[in-house]
Amino acid sequence: MIPTEGPASAEIMLVGEAPGDAEVRAGRPFTGPSGSILDRLLQEAGISRHEVLLTNVCRDKPPGGDLSFFFLDGKKMSQPKPIFESYIAMLKHDIEVYRPTVIIALGQMAMKVLTGLHGIKENRGFVNDCLLAPGVKVITTYHPAILNYDYKLSFTAVMDFRKAIRHAKRPSFWYTERTLVDNPTAQEFIDYCDEVADKGEVIGFDVETKSPGAHINILGVSHRSDYAMSLDIMNGINPKYDEQTELRVWQAISNLANKCPVVMQNGNYDTAVALHNNGIYFKHYLSDTLIAAHSLWPECPRSLGYLASVVLDVPAWKHTSRESPTLYNAADAANTLGIWNVLSVLMDSYGVRPIHDFEMSQMPVSIMLQLQGIYVDRVKQAELLKAIHERGIALDEVLFKAIGRKVNLGSPKQLQQLLYIDMGLPVQYKRRKNASEPRRATTNEEALRKLQQHTNNPLFELIIERKKLDKLRTFVDIDLSPESRVHTCYNITGATSTKEGKGLVVDDEDQHKSFARWSSSASIILPFGSGNLQNIPSAARKMYIAPPGFKYVQADYKQAEAVVVAYLIGDNKLKRLFQESFGKSSEECEANGWDIHKITADMIFRCGVENVTKDQRKVGKLTRHATNYSAGPGVLAPKLGISTKAAKTLLDAFHLACPMLSIWHSRIQRELQATRTLTNLLGRKHRFLDRWGDSLFRSAYAYIPQSTVGDLLNKALVRLYDNFGEEIDIQLQLHDAIYCLVPEEKVQYCMAAMKESMLIPLEFNGEEFMIDVDFKVGDSWGDLYDAEIEEDWELEEE
DNA sequence: GATTTTACGTA
DNA sequence: CGTACGTAAAATCT
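For the first sequence, counting from 1, position 710 maps to 710 in the working numbering; every step adds exactly one.
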């Protein structure tokens with residue numbers, strides 16, 4: 001039985017779940033591994049464990065640490081045994097005796113017992129009344145034990161602790177008093193908008209929309225974080241007001257859009273919808289809480305609810321969306337403004353406002369690209385579909401004969417049955433991220449290729465081809481808009497928006513990363529196409545055809561990441577190569593041996609650049625690739641068709657010739673050790689909060705080159721759109737390439753404009769350099785040929 | 001019907 | 001022991 005510990009005068013009480021072995025031995029709470037994590041968190045939040053009360057819901061360690069032991073119904077944990085009831089009574093007693101101002105509930109069980117709430121993700125960070133002792137504030141956060149597994153949650157936990165400390169100092173303060181007007185008349189709403197517009201102050205704005213079509217049905221405006229008004233203009237699927245009244249509402253919004261600086265949460269969506277469906281353009285959309293949060297904490301969640309839980313003192317409001325959509329929307333608008341007020345100050349003290357402003361500057365071109373979409377030729381689409389279908393049938397016949405029964409190759413389970421049980425082949429296992437993960441059988445392409453080598457059976461080639469065909473079909477067999485277009489949603493901050501257009505969906509927690517590149521996902525406004533436009537295979541690109549008399553022009557950064565790496569690691573040989581070959585034609589590069597892969601091959605084989613054979617060049621290319629991303633011999637070997645040992649010899653030879661790379665890796669590790677933070681060449685910072693180890697290192701090695709190129713391209717894209725957007729039709733953003741569509745006679749002009757926009761100097765270690773640009777031109781996105789700017793061609797001619 | 005797993009497309 | 005991203009289809013859970 002572990003008693004509550006701490007000073008009687010303490011204002012904060014921490015309640016965990018149950019003691020562990022260390023606690024039982026010491027007879028004191030939080031003395032084991034969780035205790036040391038807790039100490040670190042408390043220290044970061046600015047408080048010591050000697051100032052707080054420490055206890056657990058359960059006073060004893062359950063057998064095997066399994067909390068369900070204290071319940072009659074096992075895992076469900078809804079019917080407590082008498083002993084659990086007695087623990088609750090003890091907890092209640094201690095709360096009443098010590099009477100803390102704030103209780104910090106650590107983990108699910110403490111939250112449930114103290115507040116009656118379920119779902120720690122939704123409820124943590126908010127202030128709730130204590131069920132056991134009404135009037136005592138309860139703030140829930142993650143249990144320290146879970147931070148062992150998910151270090152990223154530490155940031156949130158520290159923020160929650162800080163909030164608890166603030167509240168402990170102000171016993172009577174619960175929430176910011178505020179007014180959310182959720183049922184105004186149309187006239188009241190219009191009057192409010194007009195009044196706010198006249199003042200021209202910063203407003204928070206949010207819309208709710210109805211699918212299909214993403215039509216706005218609720219409008220929310222807030223001029224102060226403690227006041228918002230929300231109007232529902234729809235009655236089910238019918239307009240709520242007469243035409244005249246609704247028109248006046250839209251005029252009022254349009255007036256706001258013209259006069260007030262506006263803050264939104266993911267306003268990329270709201271402004272695109274307002275423009276597309278209502279013709280309203282937000283002239284002064286200057287700030288966005290999603291982008292502010294991304295520039296401050298790119299590694300953290302950034303939904304409005306999360307941000308509010310971390311920086312505001314408002315009650316949780318997500319649950320109101322169903323019972324009162326206008327109340328919900330008003331809270332969204334007010335909280336957006338409230339969050340902005342805090343983040344705006346933080347951005348200046350962290351020095352990241354330039355990142356926010358840079359991302360905001362990408363908004364207009366991103367919105368244009370989303371609404372414009374890309375044209376697909378229906379005839380070519382049908383042709384491709386037919387070819388896929390026919391080849392599929394032919395392959396199915398051959399496969400049926402070879403296998404003797406019908407197997408759904410899209411089913412990993414059926415394929416495993418066929419390969420590893422029926423055919424008795426050696427089971428292939430998936431590549432693991434670290435050695436502690438369990439081995440999992442796989443039937444992916446790599447496994448099939450291994451089996452092919454093992455058996456020399458052509459069956460596997462056929463299986464691979466059939467699977468690829470099915471994959472390709474998903475990119476070709478797509479719905480087109482009435483204008484024969486497909487659309488996407490470009491997410492400037494990386495992760496995807498939800499269907500409702502707010503918050504963030506992150507399947508895998510790693511996906512908060514967002515290394516400065518846009519992501520592309522299914523359009524919520526115009527749901528046509530395969531969604532992500534950044535992963536269309538080249539075969540499917542052939543149906544994205546330029547109209548008669550027009551050409552696609554592609555400009556991409558040449559060897560972009562390799563150039564950045566060369567400067568980062570101080571590889572003089574490569575730096576010289578990139579300088580010498582800058583702006584030179586491919587023929588000239590070839591003639592002079594300016595070829596990074598030949599140079600790499602020479603570093604490995606020491607044969608002289610001019611003597612490198614085709615095979616050696618391939619080895620050089622793949623080795624360079626492997627080392628750039630710190631891949632190991634196990635990855636390189638199958639790609640070269642050699643043994644792991646031989647691959648290791650190659651890698652060793654490379655590292656011997658290029659010691660700078662390993663030195664740079666060590667430098668990155670030291671930088672991480674100091675602050676866990678890296679800064680790319682354009683000043684964008686990223687904190688790496690994963691568990692310390694190789695996986696974190698590899699991610700970190702990729703960060704600077706990848707994010708620098710991402711930022712560089714977006715900078716160029718904004719320049720191209722701002723300076724040439726009237727004459728040049730930008731079509732696509734593909735991480736290190738931009739695609740445009742122009743009349744044939746404007747191809748040279750387009751290339752010159754793209755070159756001028758994309759050649760942007762970078763600086764590292766006081767040295768300035770540029771990444772060169774390559775061009776391709778053609779009749780479709782999938783049919784492009786090398787092109788160059790004619791030597792005597794000047795941009796001014798146009 | 002909703003969520004998770006597997007596989008795979010791009011840079 | 002490449003990283004980053006999003007989606008389709010099958011498998012599994014509730």
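Ideal placement from N, C-alpha and C gives every residue a C-beta, glycine not left out.
Spatial distance of residue i from residue j (CA atoms)
i, j, result
"residue 540", "residue 442", "27 Å"
"residue 88", "residue 667", "52 Å"
"residue 2", "residue 358", "54 Å"
"residue 104", "residue 228", "31 Å"
"residue 404", "residue 440", "27 Å"
"residue 296", "residue 353", "9 Å"
"residue 257", "residue 280", "7 Å"
"residue 139", "residue 264", "27 Å"
"residue 128", "residue 49", "23 Å"
"residue 77", "residue 112", "11 Å"
"residue 786", "residue 757", "19 Å"
"residue 603", "residue 639", "20 Å"
"residue 341", "residue 470", "50 Å"
"residue 617", "residue 649", "16 Å"
"residue 542", "residue 783", "6 Å"
"residue 720", "residue 755", "9 Å"
Beta-carbon proximity check, residue i vs residue j, cutoff 8 Å
i, j, result
"residue 289", "residue 336", "yes"
"residue 63", "residue 69", "yes"
"residue 294", "residue 514", "yes"
"residue 145", "residue 67", "no"
"residue 678", "residue 708", "no"
"residue 102", "residue 137", "yes"
"residue 216", "residue 277", "yes"
"residue 311", "residue 339", "yes"
"residue 771", "residue 563", "yes"
"residue 516", "residue 773", "no"
Candidates the options: closest to residue i by CA position
i, options, result
"residue 494", "164, 169 and 735", "735"
"residue 537", "564, 525, 479 and 474", "474"
"residue 321", "218, 419, 118 and 525", "218"
"residue 108", "121, 100, 102 and 97", "121"
"residue 230", "35, 325 and 303", "325"
"residue 8", "100, 76, 39 and 24", "100"
"residue 90", "56, 123 and 412", "56"
"residue 86", "738, 60 and 161", "60"
"residue 204", "162, 253, 246 and 163", "253"
"residue 485", "459, 466, 453 and 527", "527"
"residue 163", "778, 134 and 12", "12"
"residue 663", "570, 220 and 782", "570"
"residue 391", "308, 40, 655 and 465", "465"
"residue 722", "396, 693, 695 and 753", "753"
Residue i - DSSP class collapsed to helix/strand/coil
i, result
"residue 60", "coil"
"residue 11", "coil"
"residue 392", "helix"
"residue 281", "coil"
"residue 767", "strand"
"residue 461", "helix"
"residue 73", "coil"
"residue 489", "strand"
"residue 247", "helix"
"residue 17", "coil"
"residue 55", "strand"
"residue 573", "helix"
"residue 443", "coil"
"residue 531", "coil"
"residue 189", "helix"
Problem set entry | Ordered list of alpha helix (DSSP H) runs contained in the segment 96-162, each at least 4 residues | Those alpha helix (DSSP H) runs which fall completely within the segment 96-162 and span 4+ residues are 108-115, 120-123 and 144-147.
Exercise. Counting only runs that start and end within the segment 672-718, where is the beta strand (DSSP E) found for 3 or more residues in a row?
Worked result: 677-679 and 685-687
Exercise. What alpha helix (DSSP H) runs, 4 residues minimum, are completely inside the segment 356-440?
Worked result: 363-372, 378-403 and 412-416
Exercise. Along the chain, which unbroken stretches of the beta strand (DSSP E) at least 3 residues long are found entirely within the segment 721-784?
Worked result: Taking only runs of at least 3 residues, the beta strand (DSSP E) segments lying wholly in the segment 721-784 are 729-733, 737-743, 762-764, 767-769 and 773-780.
Problem set entry | Runs of alpha helix (DSSP H) lying entirely within the segment 625-654, each at least 4 residues, in chain order | 633-640
Problem set entry | Complete alpha helix (DSSP H) runs within the segment 583-622 (minimum length 4 residues, chain order) | 586-592 and 596-605
For this session: Tell me the start and end of each unbroken alpha helix (DSSP H) in the segment 269-321 that is at least 4 residues and wholly inside, in chain order.
Result: 289-296 and 304-311
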